[in-house]
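I have placed the structure first, in the form of structure tokens, so that the comments after it can refer back to it.
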Amino acid sequence: METTTLSQPTFATQLRALFVIAKKDWKVFWRYPLNAISHVFQPIIWVTPVYFMGKAFSTNGQALGFAQYSGTGDYMSYVLLGTALSNFILTVFWGMGFALKEDMDAGVLESNWLTPVSRLHILVGRTLTSLLTTTITSIIMLIIAAALFGFRPTGNVIAAILTAIPMLVGLYGFGFAFAAIVLMMREANTMVDVSSFLVQGFSGANFPVKSLPYWLIPVSLMLPLTYGFDAVRGWLLQTSTLLPINVEVAILIIFMFVMLWFGAWIFNRVERKVRRLGTLGQH
Amino acid sequence: MEVTLSSRSLGKPGFLSDLRAFWAIVWREWTIFKRYPSWIIALLIWPLIFPMMYILTARALSGMDGSGLAVFTQTTGASNFIGYIVVGTTVWMWQNIVLWDVGFALRNEQMRGTLESNWLSPTWRFSYLLGHTGPQLITMTMFILITAIEFGLFFGVRLNGNPWLALLVMLTSIPAIYGLGFAFASIVITAKEAHTFVFLVRGLVMIFCGITFPVSLLPGWMQSVATWMPQTYMIHGMRAAAFANASLTELWPDLQALLLFGAFWLTLGYLLFQWMERRARRTGAIGQY
Chain G
13 METTTLSQPT
23 FATQLRALFV
33 IAKKDWKVFW
43 RYPLNAISHV
53 FQPIIWVTPV
63 YFMGKAFSTN
73 GQALGFAQYS
83 GTGDYMSYVL
93 LGTALSNFIL
103 TVFWGMGFAL
113 KEDMDAGVLE
123 SNWLTPVSRL
133 HILVGRTLTS
143 LLTTTITSII
153 MLIIAAALFG
163 FRPTGNVIAA
173 ILTAIPMLVG
183 LYGFGFAFAA
193 IVLMMREANT
203 MVDVSSFLVQ
213 GFSGANFPVK
223 SLPYWLIPVS
233 LMLPLTYGFD
243 AVRGWLLQTS
253 TLLPINVEVA
263 ILIIFMFVML
273 WFGAWIFNRV
283 ERKVRRLGTL
293 GQH
Chain P
-5 MEVTLSSRSL
5 GKPGFLSDLR
15 AFWAIVWREW
25 TIFKRYPSWI
35 IALLIWPLIF
45 PMMYILTARA
55 LSGMDGSGLA
65 VFTQTTGASN
75 FIGYIVVGTT
85 VWMWQNIVLW
95 DVGFALRNEQ
105 MRGTLESNWL
115 SPTWRFSYLL
125 GHTGPQLITM
135 TMFILITAIE
145 FGLFFGVRLN
155 GNPWLALLVM
165 LTSIPAIYGL
175 GFAFASIVIT
185 AKEAHTFVFL
195 VRGLVMIFCG
205 ITFPVSLLPG
215 WMQSVATWMP
225 QTYMIHGMRA
235 AAFANASLTE
245 LWPDLQALLL
255 FGAFWLTLGY
265 LLFQWMERRA
275 RRTGAIGQY
């Protein structure tokens, strides 16, 4: 008996599948408009204590101590840029794993898995809408935060965006690997919360990593995200960078290729294993 | 032959039976809590890493030569910025955890499908909420102790005041913090999906109560809002008792405000619970989710 599939997967059908997944997520997102408002205001709420704390360390609105580490006394632009980038990191890094968990809980993961669509495409598709909504909500967040706290990017916006792209693409590799962990462990909330908090913290989302205690600096330098944050800030805010910007961009490009390969390899191995064990439908 | 049906309950409620029911709820919650040992990891890690992010930002703001720190000391009167931040963030985490644990206690039971059947038992229904508070208080005490030990060990934070007075401020804060949790539980059971409310309340604490900065740095209108929030007095009182060696007389304004807020929130929490209970019986909303 032949077991060939009746479907005829082509590049066009895969693209259509990506579009359908993104459209479904778009509908779900706007079904809960309070979530959109929350996405805009949550980051503002989290940086407000930093704004007032910074005032307690500042003289005439300039954080001179901060400038010794970062090369700029405008700590709020520094923090806001880190917050906006963190939004994207959360979307790509953790978004795919969470999407899998949602599908598990809703009981649709197995049926989605039976469709003739590449599983990595399913994962990527789940991030498309969130990337778009994160872009919209982050822009609104920056506009509101600029009015409240001041946000003064004076550098090269195009170069900053081009630098952020390999970082985000490389994060897809991380995302695949994390999705594999969710497939295996099924419940990974504490691990996600703690590790996302630590990764963002130690890669310098809110402060220059040079200010870390000396024993923590190696941890920070091992995270490729550190160079992403640093280079984007270097372009936009003309801060002093850890390494020359070109070197940091090169690190990000290498990181992108290595992580994409590694993440996809891990995910495919784990996915085969859970299919063999038949644990895909368990949660 | 006519048969008269009595609608009287077979239960014989009394103080002792209510106490037994309360204890049964406390024991059940403790058993469920122990069943998922991953809380141990959370209990050890969160007290350290949440304040640490603000502390590391403050370290960067201090500068290599400590010039920023000198400005901070001048502004706040506190030389130890780590202790200063830890007190504020711990109060925030305490309120946040109570909102999730106590505030969602009834909702979680509703989602498990056990709320309606429990509601039918001849028990004082407020004990369902009070019962959740018992294990919560134990874990929060552990949480605060672990915070003190970790920051003492890893960051060298030492109390420069009277620990008994700091404890007194914490004890005086309990009615306000848990009263808010009770009020919240009734709102959650009525509004169902209420995560946004938690984000709102904890966001207000984060913005207005000075968790990492003195409230005096806020604009005038924000300072006025802060005076209406008990967490402002908790943070101020605990910092003064733990690090500024404040006397009982100096702490009295904070303690007085906390007692007043405690009475207000406990009363409001109880009244809202009664309103929710009546409404739920009238509309049958207890079983809906």
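So the protein lines, in turn, are chains G and P. Under my numbering, the final residue of the first sequence carries the number 295; numbering is consecutive throughout. Under my numbering, the final residue of the second sequence carries the number 283; numbering is consecutive throughout. Idealized CB from N, CA, C, for every residue including glycine.
On a Cα-Cα basis, can you pick out the residue from the options that is closest to residue i?
{"i": "I134 of chain G", "options": "G:E122, G:G94 and G:Y44", "result": "G:E122"}
{"i": "I229 of chain P", "options": "P:F27, P:W215, P:S73 and P:L252", "result": "P:L252"}
{"i": "P61 of chain G", "options": "P:F44, P:G204 and P:A235", "result": "P:G204"}
{"i": "V195 of chain P", "options": "G:W58, G:F41 and G:V129", "result": "G:W58"}
{"i": "W273 of chain G", "options": "G:I173, G:V91, G:G187 and G:Y87", "result": "G:G187"}
{"i": "N280 of chain G", "options": "G:L132, G:Y81, G:I266 and G:L255", "result": "G:L132"}
{"i": "T166 of chain P", "options": "P:L242, P:S218, P:P213 and P:R273", "result": "P:L242"}
{"i": "H51 of chain G", "options": "G:I156, G:F214 and G:F69", "result": "G:I156"}
{"i": "A29 of chain G", "options": "G:I265, G:W125 and G:L46", "result": "G:W125"}
{"i": "G71 of chain P", "options": "P:N90, P:A240, P:G278 and P:M200", "result": "P:A240"}
{"i": "F193 of chain P", "options": "G:V169, G:Q26, G:W42 and G:I56", "result": "G:I56"}
{"i": "I183 of chain P", "options": "P:F145, P:R273, P:R152 and P:P116", "result": "P:R273"}
{"i": "S215 of chain G", "options": "G:I170, G:L97 and G:W42", "result": "G:L97"}
{"i": "T139 of chain G", "options": "G:T103, G:Q20 and G:P220", "result": "G:T103"}
{"i": "G107 of chain G", "options": "G:S150, G:Y239 and G:S142", "result": "G:S142"}
{"i": "L212 of chain P", "options": "G:S207, G:G83, G:L160 and G:M179", "result": "G:L160"}
{"i": "F202 of chain P", "options": "P:S180, P:A185 and P:Y227", "result": "P:Y227"}
{"i": "S180 of chain P", "options": "P:F149, P:R22 and P:E271", "result": "P:E271"}
If we define contact as Cβ-Cβ less than 8 Å, is residue i a contact residue for chain G?
{"i": "E39 of chain P", "result": "Checking the sequence, you will find Ile at residue 39 of chain P rather than Glu. Cβ-Cβ to chain G under 8 Å: yes for I39 of chain P."}
{"i": "G263 of chain P", "result": "no"}
{"i": "T70 of chain P", "result": "yes"}
{"i": "P213 of chain P", "result": "no"}
{"i": "V182 of chain P", "result": "no"}
{"i": "F193 of chain P", "result": "yes"}
{"i": "Y48 of chain P", "result": "yes"}
{"i": "T372 of chain P", "result": "Residue 372 of chain P lies beyond the stretch modelled for chain P, which goes from -5 to 283, so this question has no answer here."}
{"i": "L66 of chain P", "result": "For clarity, residue 66 of chain P is Phe in the given sequence; the question names Leu instead. F66 of chain P counts as touching chain G."}
{"i": "M270 of chain P", "result": "no"}
{"i": "M43 of chain P", "result": "What sits at residue 43 of chain P in the sequence shown is Ile, not Met. Closer than 8 Å to some Cβ of chain G, the Cβ of I43 of chain P qualifies, so yes."}
{"i": "G197 of chain P", "result": "yes"}
{"i": "M200 of chain P", "result": "yes"}
Does the beta carbon of residue i sit closer than 8 Å to a beta carbon anywhere in chain P?
{"i": "I57 of chain G", "result": "yes"}
{"i": "I218 of chain G", "result": "First, the amino acid is wrong: residue 218 of chain G is Asn here, not Ile. With 8 Å as the cut-off, N218 of chain G counts as an interface residue toward chain P."}
{"i": "S223 of chain G", "result": "yes"}
{"i": "V188 of chain G", "result": "This sequence places Phe at residue 188 of chain G; Val is not what is there. Taking Cβ atoms only, chain P never reaches closer than 8 Å to F188 of chain G, which makes this a no."}
{"i": "L93 of chain G", "result": "no"}
{"i": "Q250 of chain G", "result": "no"}
{"i": "F110 of chain G", "result": "no"}
{"i": "T60 of chain G", "result": "yes"}
{"i": "K113 of chain G", "result": "no"}
{"i": "L210 of chain G", "result": "yes"}
{"i": "F163 of chain G", "result": "no"}
{"i": "F69 of chain G", "result": "yes"}
{"i": "V206 of chain G", "result": "yes"}
{"i": "M197 of chain G", "result": "no"}
Roughly how many whole angstroms lie between the Cα atoms of residue i and residue j?
{"i": "G173 of chain P", "j": "V96 of chain P", "result": "10 Å"}
{"i": "V282 of chain G", "j": "L38 of chain P", "result": "30 Å"}
{"i": "A34 of chain G", "j": "I148 of chain G", "result": "15 Å"}
{"i": "V211 of chain G", "j": "L235 of chain G", "result": "8 Å"}
{"i": "Y44 of chain G", "j": "F190 of chain G", "result": "26 Å"}
{"i": "F287 of chain P", "j": "G231 of chain P", "result": "Residue 287 of chain P lies beyond the residue range present for chain P, which begins at -5 and ends at 283; the question has no answer from this structure."}
{"i": "W33 of chain P", "j": "L139 of chain P", "result": "15 Å"}
{"i": "L55 of chain P", "j": "I257 of chain G", "result": "24 Å"}
{"i": "V32 of chain G", "j": "W38 of chain G", "result": "10 Å"}
{"i": "I132 of chain P", "j": "V91 of chain G", "result": "37 Å"}
{"i": "N102 of chain P", "j": "I263 of chain G", "result": "47 Å"}
{"i": "L18 of chain P", "j": "T25 of chain P", "result": "One point to set straight first is that residue 18 of chain P is Ala, not Leu, in the sequence displayed. Distance between the alpha carbons of A18 of chain P and T25 of chain P: 10 Å."}
{"i": "A177 of chain P", "j": "Y122 of chain P", "result": "14 Å"}
{"i": "G213 of chain G", "j": "A192 of chain G", "result": "24 Å"}
{"i": "V286 of chain G", "j": "M196 of chain G", "result": "7 Å"}
{"i": "H189 of chain P", "j": "Y81 of chain G", "result": "38 Å"}
Please confirm whether any heavy atom of the ligand MN lies closer than 7 Å to the CB of residue i.
{"i": "M232 of chain P", "result": "As for the ligand MN, it is missing from this structure, which has no ligand bound."}
Can you pull the chain C neighbours of residue i, defined as C-beta to C-beta under 9 Å?
{"i": "Y87 of chain G", "result": "Judged by its chain identifiers, the structure shown contains no chain C, and its protein chains are G and P."}
Practice task
Name, going along the chain, the residues of the region 136 to 149 of chain P whose beta-carbon falls closer than 7 Å to a beta-carbon of chain G.
Solution key: Cβ contacts with chain G come from no residue of the region 136 to 149 of chain P.
Handout entry: Residues, ordered as in the chain, of the region 32 to 46 of chain G that lie near chain P by beta-carbon distance below 8 Å
Key = Of all residues in the region 32 to 46 of chain G, L46 have a Cβ within less than 8 Å of some Cβ in chain P.
Problem - Under 8 Å (Cβ pairs) to chain G, residues found in the region 202 to 235 of chain P - result: For the region 202 to 235 of chain P, which is checked against every Cβ of chain G, the residues closer than 8 Å are G204, I205, T206, F207, P208, L211 and L212.
Exercise for the section: Could you please tell me which residues of the region 76 to 97 of chain P, in chain order, have their CB closer than 7 Å to any CB of chain G? Expected result: Going along the region 76 to 97 of chain P in chain order, one finds no residue with a Cβ nearer than 7 Å to chain G.
Practice task
Could you run through the region 72 to 84 of chain G and flag, in chain order, every residue whose CB is less than 7 Å away from some CB of chain P?
Solution key: Of all residues in the region 72 to 84 of chain G, only A75, L76, G77, F78, Q80 and Y81 place a beta-carbon less than 7 Å from a beta-carbon of chain P.
Practice task
Select from the region 106 to 125 of chain P all residues with a C-beta closer than 7 Å to any C-beta belonging to chain G, and list them in chain order.
Solution key: The region 106 to 125 of chain P vs chain G, Cβ under 7 Å: nothing.
Problem - Near-chain G residues of the region 51 to 62 of chain P - C-beta to any C-beta below 8 Å - result: Taking 8 Å as the Cβ-Cβ cut-off, the region 51 to 62 of chain P approaches chain G at T51, A52, R53, A54, L55, S56, G57, M58, D59, G60, S61 and G62, given in chain order.
Practice task
Let me know the alpha helix (DSSP H) ranges lying completely inside the region 161 to 222 of chain G, each 4 residues or longer, listed in chain order.
Solution key: Within the region 161 to 222 of chain G, the alpha helix (DSSP H) runs of at least 4 residues that lie entirely inside it are, in chain order, 169 to 197 and 201 to 214.
Exercise for the section: Could you run through the region 228 to 240 of chain G and flag, in chain order, every residue whose CB is less than 8 Å away from some CB of chain P? Expected result: Within the region 228 to 240 of chain G, no residue has a Cβ that lies closer than 8 Å to any Cβ of chain P.
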